[in-house]
Amino acid sequence: MKTTGDLTVRRSPAKIQRVPQQGAGPRSLFRRNSYIPHSSPTDVIDAINPTCQNPSFNCEVAMTSRTCTRWVLAMLAANLATTSSAQEAAPPAPVVVPPTEFVQAADTSRWYAGVDVLWLARDYSQNMLLAQTVTAPPPDFKAVPLGGAPILTLGNVTDDMAQPGLRVRFGFRLTDATSIELGYFGLQEWTASASIPAGDPPFANSPFLGSSIIYGNRSFDTGISAQYCSQIHSAEANLRRSFSVGNWNAAALGGFRYFYLSEQLTLTGAQTFPNFKPVAPPASQTFVEQTRTVANNNLFGAQIGGELGRTWFDNRFGLAANGKVGIFANNANQLTSNGARLITGGGTATSTLAAGRGNTDFASLYEGGITATVRVTSRIRVRGGYQALFVQGLALAPTQLAATGTAIQKSSQLVPGSFIPFAPPPSTLPPPGTGSGLNTNGNLLLHGPFVGLDVSY
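Quick note: the sequence shown uses the working numbering, first residue 29, plus one each step.
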């Protein structure tokens, strides 16, 4: 420690790296890096004024009392100015605002419903001859196909266009993951017709017409038309359970389903007999013969299914695949009838054949599809996709007609009111046919797009 006059300055050796010469000015007392920013005034006075008596400092420099006082005041002012300037210059802490992210609110609604417009096209796996152009040369007047002439097949009367229908569903959530669903789709109707004109001769002949006797002979038609109609309905009730598989949403379901298919195939033949002399009716006569087959399928059974999908863009867009499989009892029946009616010159209708049968057989159903959804609001979604349905074990109208055709050909009956110059004895007429039962080996394939709306509330 070194003393000069009545002022003693103590400073730690770690803070002061050299001792100035006696009489040196205050600017040479310390190195620049020995000054500690933001020091309190008390610390500065204790480091310089000998009256502080701080034992942690060693006295190294002594100055006159007047010089030290001025220096202390200058240091205090500089320290206060530096502290104030640093505080004023320091910018305020930035306000951190977390990034805004859209979070889809949980759907707390209990009820939900949806409606779709569903276009379904039908694929047909069979074809068959319905009518053809023939000649009937004497003496036996049997039908002989005319090569290159028009024919009428089942393919001519099948509607393979996608027909619109309605699909609706209602659901109630028992819990957040379990719900009961009711669904229906149907109203699609496929109808097509075709005909072949003929002269006199040539004629039009069908293996499913010609049982009625007019003018003393089996009929040969001057024109034949065919029409094929089908309609479906489907209703189901399921218990649905939702769960997650990683980043995917999944659901399993099981329940009861009813599926209905009705078909009708009609063949109509018309013939006009001219007023031939001398053995002719007093005026030309026209009669119409018709064969109609109606087949109904009522499927009752259980089904299971599932759905797997995923959403993107904060649940605004979703894509899902679904599938169902069911085992059913098909309560099917068919009725085939054949009759003729004189439409000019009087007369009444006659029924040559009316045969039907019902039975319950096994059937199966498979359904699948893919659906894309776009969320408009938290409670409304627009949806669209493609759906397919395949059913085995059905009674189709063409199949029943093919099985009953033999009975029609083996049946004959006079048309009341028609002119019969050579009436055959009743004993020579075969009895009306009874048909050959019920065929449930048919299949049905439907597929097509849909678009609709889902609402929860």
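By construction, the Cβ of each residue, glycine as well, lies at the ideal position given by its N, Cα and C atoms.
Cβ neighbours of Ala-279 within its own chain (closer than 6 Å, five residues either side excluded): Arg-268, Ser-270 and Glu-335.
8 Å or more divides the Cβ of Ile-252 from the Cβ of Ala-177. Sorting Thr-294, Asn-343, Leu-194 and Asp-151 by C-alpha distance to the C-alpha of Leu-180 places Thr-294 at the top.
Between Gly-329 and Asn-361, the C-beta gap is not smaller than 8 Å, which leaves the two residues out of contact. For the options Pro-230, Thr-206, Asn-266 and Asp-188, the alpha carbon positioned closest to that of Gly-354 is the one of Asn-266. In this structure, DSSP gives Ile-436 a helical state, which the three-state scheme calls helix. Counting along the chain, Asp-151 sits inside the beta strand (DSSP E) bounded by residues 139-151. The beta carbon of Leu-210 is closer than 6 Å to those of Phe-198 and Ala-265 in its chain, skipping five residues each way along the sequence. By the Cβ-count criterion, Leu-202 is exposed, with fewer than 16 other Cβ atoms from all chains shown falling within 10 Å of its own Cβ. Taking C-beta atoms as the reference points, Ile-224 and Thr-161 count as a pair closer than 8 Å. The distance from the Cβ of Thr-405 to that of Ala-348 is about 20 Å, inconsistent with a contact at the 8 Å cut-off.
Taking C-beta atoms as the reference points, Arg-338 and Arg-403 fail to come closer than 8 Å. The alpha-carbon separation between Arg-285 and Val-185 amounts to approximately 30 Å. In its chain, beyond the 5 residues on either side, Tyr-394 and Leu-473 have a beta carbon closer than 6 Å to the beta carbon of Phe-418. Assigned with DSSP and collapsed to three states, Gln-331 falls in strand. According to the DSSP secondary-structure assignment, Ala-177 is paired through a beta bridge with no residue. Annotation for Pro-192: the continuous beta strand (DSSP E) segment containing it runs 191-201.
Boundaries of the beta strand (DSSP E) around Ser-221: 206-225.
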